[in-house]
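Trainee: In our numbering, the protein residues as written are 42 to 146.
By construction, the Cβ of each residue, glycine as well, lies at the ideal position given by its N, Cα and C atoms.
Please read through the structure below; I'll follow up with questions.
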Amino acid sequence: MIVLRITVDGRSWNVEKSAPRVLLGTAADADVREDGVGWRLAEAVLHHHGTEVLLDRPNEGTQLRLRVGDGVRLGRARVNLVGLLPLPETESSPAAPPPLFGDYE
């Protein structure tokens with residue numbers, strides 16, 4: 042599970058997604074959709090990757106690695122990774138690392 046804190050113009054909220062991939066943007070299929078913050082159709086794609094998250098910005102061709110406590114500005118939004126829980130195990134997956142949570146102020 043990926044746990045994010047999104048802050049736009051002083052308003053903050055948490056988003057929890059239990060998926061290996063989370064799409065942020067204004068596209069109809071976005072997992073986190075926020076109009077009016079300067080996001081484009083596929084602003085960022087987050088990929089659960091062990092003890093970190095890979096953040097792809099398809100519109101810019103960039104990729105970042107985020108650990109718990111890291112954040113990035115996307116348009117007018119500040120997106121912080123505040124928690125990372127292991128994905129559910131399948132029969133073919135190895136044992137998952139322990140949950141990670143960081144302080145957020």
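1) Give a yes or no on whether the C-beta atoms belonging to ILE47 and HIS89 are separated by under 8 Å.
2) Who are the Cβ neighbours of ASN100 in its own chain at under 6 Å, not counting the five residues just before and after it?
3) Is the separation between the beta-carbon of GLU93 and that of ARG108 shorter than 8 Å?
4) Any idea what DSSP makes of ALA60, helix, strand or coil?
5) Is the CB-CB distance between VAL49 and ALA118 below 8 Å?
6) Cutting at 7 Å between CB atoms, please list the residues of its own chain near GLY71, excluding the five before and the five after it.
7) How many angstroms separate the CA atom of LYS58 from the CA atom of ARG106?
8) Taking the straight line between their C-alpha atoms, what separation do you get for LEU115 and GLY79?
9) Where does the unbroken beta strand (DSSP E) through THR103 begin, and where does it stop?
Mentor: Answer, in terms of the structure:
1) no
2) ARG81, listed in sequence order.
3) yes
4) ALA60 falls in the coil class under three-state DSSP.
5) yes
6) Residue identity differs from the one stated: residue 71 is Ala in this sequence, not Gly. Excluding positions up to five away in sequence, the list reads LEU64, LEU65.
7) 18 Å
8) Straight through space, the alpha carbons of GLY79 and LEU115 are spaced by roughly 8 Å.
9) Counted as a single uninterrupted DSSP element, the beta strand (DSSP E) harbouring THR103 occupies residues 103-107.
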